[in-house]
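In short: position in the sequence shown from 1, add 154, done, that's the working numbering.
The beta-carbon is built from N, C-alpha and C at its ideal position, and this holds for glycine as well.
Computed from a predicted structure; not experimentally measured.
To start, the structure under review is shown below, and the notes come after it.
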Amino acid sequence: MKRRKFDPVLSHTRLRLLQILMAAMFVYFLIMSFEIIPYVLRAGSGSGEDGPFEPLSDSLPRAFLLESEEKDAPSRPADDPLRDSRGSPYQTPKRRMREFKRVSGLVFKERPFDGNVSKEDQVYELHKSARDAWRVGKKLWGELVSGKIELNESGNRSEPCPHSFSLSGSEFQARNRVLVIPCGLTLWSHLTVVGTPRWAHPEHDPKIAVLKDGDEAVMVSQFMMELQGLKTVDGEDPPRILHFNPRLKGDWSGKPVIEQNTCYRMQWGSALRCEGWPSRADEDTVDGQVKCDKWIRDDDDRSEEWKVTWWLNRLIGRTKKVTIDWPYPFAEAKMFVLTLSAGLEGYHINVDGRHVTSFPYRTGFVLEDATGLFVNGDVDVHSVYAASLPTSHPSFAPQMHLEMVTKWKAPPLPYGHVELFIGILSAGNHFAERMAVRKSWMQHKLVKSSRVVARFFVALHGRKEVNVELMKEVEYFGDTVIVPYMDNYDLVVLKTIAICEYGVRTVPAKYIMKCDDDTFVRVDAVLKEARKVHKHRSLYIGNLNYHHKPLRYGKWAVTYEEWPEEDYPTYANGPGYIVSSDIAKFILSEFEKNKLRLFKMEDVSMGMWVERFNDSRPVEYVHSSKFCQFGCIEDYYTAHYQSPRQMICMWGKLQHNGKPQCCNMR
């Protein structure tokens with residue numbers, strides 16, 4: 155075979171190509187090292203008990219196992235040492251059990267004390283609540299991960315759900331005037347209360363007495379009957395599914411009235427007020443019944459005009475029309491029998507055998523939510539009876555709400571940065587709300603493509619069976635971060651800090667948004683709004699409140715110890731707002747240095763933190779009423795207080811009509 159002649163030019167060309175290729179490979183590996191090193195450092199930071207805490211992430215519930223169960227932890231895929239089999243950042247059980255400290259550990263430490271004030275006097279109530287929530291949550295979490303919580307065979311609550319039951323007046327009084335309905339109500343369930351209104355008593359409450367001139371006290375006799383739901387978190391009142399308030403005396407109108415309402419997510423709706431006039435003929439009915447029936451008033455059927463008409467009819471011989479006039483259904487010292495029944499469209503109340511009023515079902519509640527009957531005020535209750543009740547509670551069978559379908563699962567977390575991270579505050583038993591969000595705006599192409607990432611943030615629930623079902627939900631959908639302290643209304647601020655950390659460290663995002671699980675988000679619209687701000691500017695976007703003053707009296711009172719200033723800082727309403735990542739990083743830094751001031755109102759806290767950040771670097775405040783605080787408006791960016799049905803409806807309109815339209819349904 156003939157040897158090929160050596161060509162020095164060709165050999166030199168090959169050598170140059172090889173050098174260029176090796177240089178390109180070196181640059182590639184250098185870039186990859188910068189991309190991977192932060193993950194490696196975080197993954198290795200939890201090897202020691204006193205090492206840095208691991209950031210929050212949405213790992214499988216099994217990743218919460220105790221150290222003794224580490225052998226059962228999810229294995230790392232062979233092709234990715236930094237991700238688990240679902241694409242989420244991998245964490246060992248040992249580090250995962252400590253990640254709660256990242257969110258709440260520092261806040262449990264007491265603040266420095268000076269020598270003149272006792273240690274006990276300087277511990278803020280918020281910090282006490284945080285420590286208590288941490289202790290209870292830690293114990294419950296240990297029971298959950300160790301399998302000590304046992305449910306009945308059906309996997310639901312262990313308490314029986316009888317078809318009917320009754321209480322005497324003394325039994326009802328001994329139970330703090332609450333009749334517990336274990337499994338809520340169902341269609342055609344009915345509750346009966348036998349009672350006697352008390353005689354009117356002098357009332358010197360300034361809010362009532364101001365309605366009367368002079369020094370004479372106002373005489374008041376009124377009571378309330380409420381269908382209540384379960385408290386979602388400690389520190390907030392239970393939801394009022396139906397508030398029925400007869401006022402025999404003491405109302406501002408001077409006439410006996412009946413007022414009805416609901417309270418959803420700590421907000422009262424529009425009251426239905428019955429004053430003795432029948433509902434208008436053109437007004438909507440409830441299952442064919444009028445909302446307000448008629449009763450005799452001092453200023454209507456017995457007027458002089460009525461008497462003249464009556465005599466005229468007698469003289470001309472007009473056929474007599476038989477009518478029955480009913481008095482106001484309640485009277486002082488007179489026993490009544492009240493029956494409340496659940497119809498197709500609303501609640502119906504009959505007193506002594508006649509219909510008095512009907513109240514339509516309101517957004518946000520279903521019949522099984524009514525788990526308690528509460529009666530209070532100027533009334534003596536003789537007995538309470540409940541019948542036609544459901545024998546199982548569907549709210550504790552989340553399969554009614556959760557559709558275990560692959561398309562609703564969260565997509566894998568992206569590598570590197572994302573443009574927007576959305577943290578959604580939720581509660582343990584809000585299965586239906588989370589499912590509605592998954593099936594609506596979380597199906598947006600920006601979320602499905604992982605250009606935008608959304609996660610639920612949930613603390614532990616007071617009912618153990620809710621936590622068991624919650625962990626199953628987390629494992630399947632992979633879109634929920636459990637913050638393992640006992641949920642408390644005053645500690646929502648800790649979830650906000652967790653959202654900031656997730657959006658800074660786990661999924662580094664340019665913008666971080668916080669919203670509630672009853673908030674519908676137009677993902678593309680809020681992202682477009684953020685992009686309007688110059689890319690190098692810090693931003694705070696939402697429905698901004700300027701110069702709001704704290705309430706010093708009443709239910710929402712804030713003491714001067716809690717907030718000494720006369721005005722709140724400018725803050726965005728909590729249902730939906732956006733901050734830039736530099737603000738979120740500042741919040742985390744101050745929190746970890748134990749310098750972050752915490753306040754029980756989460757949205758005010760964020761405004762306070764942004765104001766402090768603004769002292770060192772200018773922040774562009776962007777106000778828009780399209781971040782709706784109450785309900786929905788056309789062309790919204792976010793819409794608050796949306797029920798699961800409304801969520802699905804709004805998503806349908808957005809998909810089919812291409813327009814942001816509201817769904818105002820009951």
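Taking 7 Å as the cut-off, the Cβ atoms of VAL606 and THR792 do not count as close. Straight across, the Cα-Cα distance linking ASP506 with VAL491 is about 5 Å.
For PRO400, the three-state secondary structure derived from DSSP is strand. By the neighbour-count criterion, in which 16 or more other beta carbons inside 10 Å mark a residue as buried, PHE326 falls on the buried side. When secondary structure is reduced to three states using DSSP, MET489 falls in the coil class, being assigned neither helix nor strand.
Distances from the CA of ILE335 to each of PHE528, THR511, PRO400 were compared; the closest alpha carbon is that of PHE528. Counting other Cβ atoms within 10 Å of its Cβ, LEU339 reaches 16 or more and is therefore classed as buried. The beta carbons of ARG427 and GLU413 sit closer together than 7 Å. In this chain, the beta strand (DSSP E) harbouring ASP670 covers 663 to 670.
In the same chain as LYS593, and ignoring 5 residues on each side of it, the C-beta atoms closer than 8 Å to its own belong to GLU557, TRP562, MET801, ILE802, TRP805, in chain order.
Under the criterion of beta carbons closer than 8 Å, SER375 and LEU341 do not qualify as touching, at roughly 34 Å. When PHE753, ALA487, TRP406, PRO662 are compared, the shortest CA-CA separation from TYR725 is found for PHE753. In the three-state reduction of the DSSP assignment, ASP757 falls in the helix class, which pools H, G and I.
Judged by beta-carbon spacing, ILE636 lies beyond the 7 Å limit of SER692, meaning their Cβ atoms are not closer than that value. The beta-carbon distance between TRP449 and TYR501, rounded to whole angstroms, is 19 Å. This is too long to meet the 8 Å contact definition. SER512 is the residue among SER512, GLY497, GLU486, TRP422 whose C-alpha sits nearest the C-alpha of LYS445. The Cβ atoms of HIS702 and TYR722 lie closer than 7 Å to each other. When C-alpha distances from ALA608 are compared across VAL712, PRO514, ASP671, ASP757, the shortest belongs to ASP671. Per DSSP, CYS654 is one residue of the alpha helix (DSSP H) stretching across 646 to 655.
Excluding five sequence positions before and after HIS598, the CB atoms of its chain that fall closer than 6 Å to its own CB belong to VAL677, given in chain order. Here DSSP, grouped into helix, strand and coil, assigns HIS810 to helix. Within the same chain, Cβ atoms closer than 8 Å to the Cβ of ASP523 are found at GLY338, GLY383, LEU384, PRO393, ILE395, SER549, the five residues on either side in sequence being excluded. Bounds of the beta strand (DSSP E) holding GLY728 are 725 to 734. Shown here, ASN748 sits in coil according to DSSP, grouped into three states, outside any helix or strand.
Scanning its chain for C-beta atoms nearer than 8 Å, with the 5 sequence neighbours on each side dropped, one finds around CYS417 the residues ASP391, PRO393, ARG394, HIS397, GLY423, in chain order. Under DSSP, PHE611 takes part in a beta bridge, and its partners are LEU579, VAL635. Nearest Cα to MET667 within the set TYR700, VAL712, PHE610, PRO638: PHE610.
When rounded, the separation of the alpha-carbon atoms in PHE377 and CYS669 is 37 Å. Residue nearest to ARG434 within the set ALA425, ASP447, ASP441 is ASP447 (criterion: CA-CA distance).
For ALA540, the enclosing beta strand (DSSP E) covers residues 533 to 541.
7 Å or more divides the Cβ of ILE653 from the Cβ of VAL776.
Excluding residues up to 5 positions away in sequence, ASP441 lie with their Cβ nearer than 6 Å to the Cβ of GLY497 in the same chain.
Counting along the chain, GLU587 sits inside the alpha helix (DSSP H) bounded by residues 585 to 593. By the 16-neighbour rule on beta-carbons within 10 angstroms, MET176 is exposed. Cβ contact annotation for HIS571 (same chain, cutoff 6 Å, sequence separation greater than five): PRO662, in chain order. Taken through DSSP and simplified to helix, strand or coil, TRP763 comes out as helix.
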